[in-house]
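Enquirer: Below is one structure. I have some questions about it.
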Amino acid sequence: MATSIPKLNLRENTVVGARSSHQTSWLRLLVVGASLTLVATIANVGLAMAFRSWLQIPAGFQPLTTPAVASLTIVGMIAATAVFGWTARTRPDPVRTFMVIAIVGLFLSWLPDLAIWATAVFHGTTAAGILSLMSLHVVAAGCAVGILTRFGLR
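Here the sequence shown stands for residues 11 to 164, numbered as in this note's numbering.
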């Protein structure tokens, strides 16, 4: 079994994967990832504020507060960008691979929300609050897939 090591082309600031003909610029990925993080965070914080108001979710339900939503969205979008960079560098079909990973990741990301619901560890835990949290995961995943697959590769 032959293996090859990805090559870094400093003149073009690109990474060419061992098994892939796809190229991605590290600078491009940084800019797209930062844009993704900003868009997804604004969308999720705005939606969380709307859910709190529309659905009368108790103020004590901490996971739906602005700091919690913003910080976890930022972490998630940084991770999504890193995973997309990895798939672009190592996979023959990075878009399809990333979409599969994102779908699996979405379902896995709901497990902590369901655990919060089952244990009611936070004051003010309601079905509306949990479903609101779960919908924020869908928004973030949609932003990640849409933005990274559209703008992440050359």
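C-beta atoms are modelled at their ideal positions from N, C-alpha and C, and glycine is treated no differently.
As the structure is a computational prediction, the values presented were derived from the model and not from experiment.
With three or more C-beta pairs closer than 8 Å as the rule, is the region 62 to 79 touching the region 126 to 138?
Expert: yes
Enquirer: Rounded to whole angstroms, what is the Cα-Cα separation between Val93 and Trp36?
Expert: Here the C-alpha atom of Val93 lies approximately 13 Å from the C-alpha atom of Trp36.
Enquirer: Taking just the CA atoms, how far does Thr34 sit from Ser119?
Expert: 27 Å
Enquirer: Out of Trp64, Leu40, Leu116, Ala138, state which residue places its alpha-carbon closest to the alpha-carbon of Gly152.
Expert: Leu116
Enquirer: Is it right to say Gly156 is buried, meaning 16 or more other beta carbons lie within 10 angstroms of its own, or is it exposed?
Expert: exposed
Enquirer: From Phe61, Ala89, Ala60, Pro77, pick the residue whose C-alpha is nearest to that of Gly43; which is it?
Expert: Among Phe61, Ala89, Ala60, Pro77, the Cα nearest to that of Gly43 is on Ala89.
Enquirer: Given a threshold of 16 other Cβ atoms within 10 Å of its Cβ, counted over all protein chains shown, does Ile113 qualify as buried or as exposed?
Expert: exposed
Enquirer: Classify Leu40 as buried or exposed, calling it buried when 16 or more other Cβ atoms lie within 10 Å of its own Cβ.
Expert: exposed
Enquirer: Straight-line CA distance for Phe108 to Ala137?
Expert: Rounded to the nearest whole angstrom, the C-alpha separation of Phe108 and Ala137 is 30 Å.
Enquirer: Secondary structure at Thr136, three-state DSSP: helix, strand or coil?
Expert: coil
Enquirer: Under 8 Å, do Met79 and Ala58 count as touching if we go by C-beta distance?
Expert: The sequence as given places Val at residue 79; Met does not occur at that position. In contact: Val79 and Ala58 (Cβ atoms closer than 8 Å).
Enquirer: Considering only C-alpha positions, which residue in the set Val149, Ile140, Leu163, Ala150 is nearest to Leu121?
Expert: Residue Ile140 holds the alpha-carbon nearest to the alpha-carbon of Leu121 among Val149, Ile140, Leu163, Ala150.
Enquirer: At what residues does the alpha helix (DSSP H) containing Arg38 begin and finish?
Expert: 36 to 64
Enquirer: May I ask which residues mark the beginning and end of the alpha helix (DSSP H) holding Thr83?
Expert: Run containing Thr83: 76 to 100, per the alpha helix (DSSP H) assignment.
Enquirer: Taking the alpha helix (DSSP H) that Arg106 falls in, what are its first and last residues?
Expert: 104 to 129
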